[in-house]
Amino acid sequence: MAPLNFHNKVAVVTGAGGGLGRGYALLLGSRGAKVVVNDLGGDTKGEGKSSRAADAVVEEIRSAGGTAVANYDSVEDGENIIQTALDNFGHIDILVNNAGILRDRSLPRTSNTDWDLVHRVHLRGSFLVTRAAFPVMKKQGFGRIIMTTSTAGIFGNFGQANYSAAKLGLLGLSNTVAIEGRKYNINCNTVAPFGGTRMTEDIMPPDMLEELKPEFVAPVVSWLCHEDCHDTGGLYVTGGGWVSKFRWENTTGVMCRESRVSAMTPETVRDNWDKICDFTNSENLESNEETTGSILEVLNNLKDTPGTELHHTHSPASTSPSTTGPLSALGVSMGPTNFTYTKKDAILYALGVGMSTQDEDGLRFLYENSEDFCPLPTFTVIPSQAAMMGGDLWSKMSNWSPDLTKLLHGEMYIENVAPIPPAATLATTTTVSDVLDKGSGSVLILDTVTRGEDGTEVSRGQWSLFLVGEGNFGGPRSSKVAVPLADPPNRPPDATKELTTGIDQAALYRLSGDYNPLHIDPSFAAMGGFSEPILHGLCFYGVTARAVLATYCDGQPSKFKAMKARFAKPVLPGQTLVVAMWKEGSRIHFTTTVKETGKACLTGGYVDIIEEAGTKDMAAGGKGAEAAGSEVFREMAGRLAGDSSVAAKVNAIIQWNVMKSDKTADQWTVDLKGEAAAEPVYMGPPQGGRRPDLTLTLTEENLVALVAGSLKPQAAFLSGQLKVAGNMAVAQRLQLLMPPQPRMYIQTHEDTMTDYKEEQNNEIEALESIYPEEFEILETDPYHKFRIRVKTEGGEDEGEPASAEISLTFQYTSNYPDQPPALEVTAVDNVEDDELDELRQRLDEEVTENLGMVMVFTVVTSALEWLAGHMEQLATAAQEQQQLQLKEKEEAERKKFEGTRVTVETFMAWKAKFDQEMSSVRTEQDRSAEKNQKLSGRQLFQTDQTLNQSDLSFLGDGEGEVAVDESLFQDLDDLDLEDELDDEDLED
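For the sequence shown, full-length UniProt numbering gives the first residue as 1, with consecutive numbering after it.
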């Protein structure tokens with residue numbers, strides 16, 4: 001690796017006239033830093049003053065080819081020291097607070113002067129110099145600061161009460177500077193050096209001093225000051241070439257109260273003292289919030305009373321729910337509250353939880369035109385959160401006004417009841433189903449139910465919200481309605497997935513509706529005790545869901561049923577999440593840990609999945625191979641062998657899970673994707689690591705009925721007899737795979753049409769749900785005629801058509817279904833009749849191919865696809881026409897003034913007027929083209945001709961001819977008139 005250098009860096013080292021400070025200054029100077037050598041020149045007790053020490057070190061640096069200046073101020077004049085750096089070098093990058101003195105006395109003999117002088121030099125002096133340097137570093141976005149502590153400060157030392165207190169104070173100062181400086185790339189670390197200095201030369205023997213030379217400490221300080229070192233808030237003990245990082249450690253601790261109502265006595269502390277002091281399973285807490293969270297977690301687990309069962313809010317042990325305080329919130333409900341979202345909102349959420357186009361299933365959640373586009377399964381938290389926070393829930397708690405700034409999200413549960421629409425208006429009802437008393441705060445259990453536009457249930461949710469400081473109101477400790485957490489199995493995880501969050505992850509996620517400034521505003525985060533804005537809990541909840549979705553659901557949201565987890569620790573944007581997963585049946589347990597800290601941020605978590613039939617291990621060629629349904633696949637293989645065109649038309653991998661009576665299943669694969677396989681139909685899952693485009697699950701009986709034609713696919717799907725996962729467009733091609741079967745005619749035409757009507761109604765229901773704006777029934781005759789309107793909306797740009805529309809008429813005859821219905825395609829709006837020939841041919845083929853299987857659905861889908869392409873052509877033509885008109889108008893204006901010589905002021909006024917006129921016909925699509933059609937400077941300033949007032953009437957006041965002062969054009973030689981002029985050229 002390349003050597004570390006400090007070129008163009010400016011370093012200030014206090015107390016650099018000798019010892020460790022001199023060692024730091026010399027090493028930094030030898031590596032290219034410009035050094036301010038500060039030393040008051042006093043003795044080790046802080047008395048006296050001399051410039052000799054600082055000057056000597058400066059001379060050493062300069063004689064070695066380095067750059068250095070001296071400063072003789074006391075560290076209590078910190079601003080003067082930093083100003084020396086600014087006056088000589090213009091900035092400051094590195095500050096090493098090293099200055100110190102000793103005034104050792106035993107505690108009874110330590111005078112006020114002894115105490116004050118040591119604190120003034122060590123602690124107050126470091127504070128004053130750092131305070132002066134911090135704004136400069138903040139403005140430039142870089143800084144490295146070192147504080148110097150001592151093992152006497154860490155552990156204490158006899159006769160050094162003043163020194164120990166000051167040195168440990170420096171560690172606290174350093175930790176806070178690290179927190180405040182983190183967002184500005186200002187790192188602050190603390191070193192506790194062992195070094196031979198003036199202060200130790202009377203204490204240590206000569207041979208020990210030789211082993212503890214400053215040269216064996218300075219490299220540690222230099223590395224911590226380098227731009228490549230990103231550690232901050234650390235404590236390092238070093239000497240003689242040995243380096244170690246120190247940290248705080250605590251035991252797991254013991255709760256010395258049996259219950260909320262139990263007293264804590266000295267005896268309970270005594271009786272638990274050995275456990276209190278047992279470091280066998282120690283912890284390393286690294287922040288105020290971690291310590292607070294650890295204590296709150298223990299408090300949350302306290303029982304109500306000793307030796308009694310925990311009671312439930314809905315049936316208190318002895319009293320009715322209070323009409324004031326937290327218990328008054330019980331039963332409060334709100335809604336339904338509507339939440340409208342588009343595909344763009346679903347995409348924004350997916351980006352907010354880290355979904356990428358580089359992910360295997362990324363386009364399914366990020367591209368609105370993807371065939372199987374849908375929101376991520378955790379998207380349901382968005383409408384329910386919007387209802388909870390945006391409605392009047394909290395104002396309905398008339399006898400309690402909780403402080404929402406102290407609200408913490410404790411646990412989260414979601415359950416998806418039905419597929420989440422790509423875009424919809426959902427209605428959410430919110431109810432406070434339980435209120436718990438945790439002593440240090442209250443917990444509200446909020447249940448949400450979200451329904452679709454037709455009133456059907458889409459999802460359920462349960463929010464566990466902790467309100468700090470709202471406890472001790474006499475409520476219960478636990479709940480019977482809360483969805484429980486689940487600990488993972490006691491074994492290594494079955495799968496692990498790492499996902500790195502982005503540095504701007506919180507800034508992106510908040511656009512989905514959670515605008516809490518805790519996640520974006522550094523000052524607000526600092527008020528909450530965080531070193532920087534933290535990631536939304538629901539953001540890394542969604543990131544974790546992605547890991548489970550990809551690992552155990554094949555990326556298919558239809559397999560993702562429910563998710564529960566507790567928020568344990570905060571996550572910072574940019575950190576990496578490690579999701580450990582254990583599979584137990586249809587439940588995936590998980591724990592999510594922050595890789596950088598080793599702390600779990602989600603605990604007790606699980607995802608319940610919907611396992612496809614046939615995912616259990618099956619031996620190929622087993623008993624299932626002889627099942628009745630296997631004959632279907634043999635015939636299918638024969639059909640494919642006899643018609644090579646089928647594979648090209650289907651172009652997909654289809655997996656069939658055929659359930660048998662003993663609850664096991666056979667898997668079959670039809671692989672028609674890409675190059676033709678030697679055996680495209682085979683038993684078992686897709687081979688070679690390929691994934692199915694469509695997965696069908698059904699019983700043997702229904703498989704045979706489906707192929708025989710007695711069970712219609714659409715009816716089977718809507719009734720739950722056929723389960724479909726994957727690309728629904730592939731499902732429309734299934735008829736191509738079915739072996740030909742003799743049609744089973746019903747005796748009368750009326751009965752046949754009644755049977756058709758049932759199929760048609762199913763298809764209409766699906767179309768109205770998926771295409772509410774594009775599909776409309778115009779005329780229907782249950783036995784003869786069925787006419788619908790198919791419409792596609794256009795763009796909003798001027799000149800583009802607002803929509804394009806056609807009508808489709810299905811005309812049935814008495815020979816149906818032996819004879820397909822006649823299909824009439826009619827142009828209605830923004831479509832010419834002769835443009836429909838190709839579409840008519842395509843739809844006629846689809847009517848024939850899809851008899852008995854989603855015929856109307858298939859035809860309408862194809863018509864909409866054609867209309868979308870037609871609208872794109874119309875929009876392109878409209879844009880081209882607009883650009884042509886703009887070009888013609890510009891050319892006319894150019895010719896109007898061609899060969900004209902005008903003043904710059906006149907030209908600029910004309911140009912402003914012209915730009916204003918053009919803005920009415922500009923579109924976003926032709927703005928870039930317009931830039932290349934500016935008027936040529938050569939043509940404008942060609943002759944000495946003057947302009948008549950009529951030519952310039954649009955410029956305003958004035959009569960007669962416009963005078964031209966040729967001297968005004970002398971500076972035009974500086975213009976690049978070979979290029980076209982624009983505002984930037986004429987700015988001067």
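Ideal Cβ positions, reconstructed from N, Cα and C, are used throughout, including at glycine. Please read these numbers as outputs of a predicted model, since none were measured by experiment.
Count the other CB atoms within 10 Å of the CB of residue i; is the residue buried (16 or more) or exposed (fewer)?
| i | result |
| --- | --- |
| residue 491 | exposed |
| residue 617 | Because residue 617 carries a pLDDT of 33, less than 50, the predicted location of this residue cannot be relied on, and the following value inherits that uncertainty. Per the 10 Å Cβ criterion, exposed. |
| residue 139 | exposed |
| residue 959 | Because residue 959 sits at a pLDDT of 40, beneath the cut-off of 50, its placement in the model cannot be relied upon, and the following sentence gives the value as read from the coordinates. So residue 959 counts as exposed. |
| residue 527 | exposed |
| residue 9 | buried |
| residue 961 | Bear in mind that a pLDDT of 40 at residue 961, under 50, signals an unreliable position, so the model cannot answer this. |
| residue 970 | Note that residue 970 scores a pLDDT of 42, beneath 50, so its modelled location is shaky and nothing firm can be said. |
| residue 155 | exposed |
| residue 924 | Low confidence applies to residue 924: its pLDDT is 44, below 50, so where it sits in the model is not reliable, and the reading given next is rough at best. Exposed: under 16 other Cβ atoms inside 10 Å. |
| residue 622 | For residue 622, the predicted structure reports a pLDDT of 35, less than 50, and the residue's modelled location is therefore unreliable. A value from the coordinates is still provided. Residue 622 comes out exposed. |
| residue 465 | buried |
| residue 884 | exposed |
Determine whether the Cβ of residue i lies closer than 8 Å to any Cβ atom of chain D.
| i | result |
| --- | --- |
| residue 580 | Protein chains in the displayed structure number just one, and chain D is not present. |
Alpha carbons only, please: which of the options is nearest the one belonging to residue i?
| i | options | result |
| --- | --- | --- |
| residue 244 | 536, 190 and 416 | 190 |
| residue 658 | 721, 497, 675 and 610 | 721 |
| residue 159 | 103, 566 and 631 | 103 |
| residue 483 | 57, 246, 604 and 441 | 604 |
| residue 279 | 259, 265, 33 and 251 | 251 |
| residue 543 | 231, 68 and 499 | 499 |
| residue 516 | 597, 390, 434 and 502 | 390 |
| residue 115 | 21, 166, 456 and 649 | 166 |
| residue 695 | 669, 679 and 74 | 669 |
| residue 229 | 238, 417, 142 and 262 | 142 |
| residue 2 | 697, 233, 567 and 226 | 226 |
| residue 704 | 258, 634 and 638 | 634 |
| residue 351 | 504, 774 and 495 | 504 |
Per the DSSP calculation, residue i is bridged to which residue(s)?
| i | result |
| --- | --- |
| residue 824 | 809 |
| residue 188 | 145 |
| residue 791 | 805 |
| residue 255 | Paired residues: none, contrary to the question. |
| residue 605 | 590 |
| residue 105 | 160 |
| residue 683 | 668 |
| residue 659 | 665 and 699 |
| residue 435 | 444 |
I believe residue i touches residue j by the beta-carbon criterion, under 8 Å. Please report the beta-carbon distance rounded to the nearest angstrom.
| i | j | result |
| --- | --- | --- |
| residue 575 | residue 595 | 7 Å |
| residue 185 | residue 146 | No, residue 185 and residue 146 are not in contact; Cβ-Cβ is about 16 Å, not under 8 Å. |
| residue 383 | residue 450 | 6 Å |
| residue 730 | residue 652 | 4 Å |
| residue 340 | residue 459 | Incorrect: roughly 16 Å between the Cβ atoms, too far for contact. |
Under DSSP, the beta strand (DSSP E) around residue i begins and ends at which residues?
| i | result |
| --- | --- |
| residue 540 | From DSSP, residue 540 is part of no beta strand (DSSP E) but of the alpha helix (DSSP H) over 537-552. |
| residue 441 | 441-451 |
| residue 336 | 333-341 |
| residue 650 | Note, residue 650: premise wrong, no beta strand (DSSP E); alpha helix (DSSP H) at 645-650. |
| residue 357 | Element bounds for residue 357: n/a, residue is neither H nor E. |
| residue 461 | 457-468 |
| residue 515 | Segment: none, residue 515 is in no beta strand (DSSP E) and carries neither H nor E. |
Ends of the alpha helix (DSSP H) at residue i?
| i | result |
| --- | --- |
| residue 122 | Neither: residue 122 is in no alpha helix (DSSP H) and is coded neither H nor E. |
| residue 266 | 266-271 |
| residue 635 | 630-642 |
| residue 524 | 522-527 |
| residue 55 | 52-63 |
| residue 413 | Taken as a continuous stretch (DSSP letters only), residue 413 belongs to no alpha helix (DSSP H), being part of the beta strand (DSSP E) at 407-416. |
| residue 153 | 151-155 |
| residue 566 | Careful: residue 566 lies outside any alpha helix (DSSP H), inside the beta strand (DSSP E) at 560-567. |
| residue 774 | First-last for residue 774: undefined, no H or E at that position. |
| residue 995 | In the structure as shown, the chain starts at 1 and stops at 988, and residue 995 therefore has no counterpart that could be examined. |
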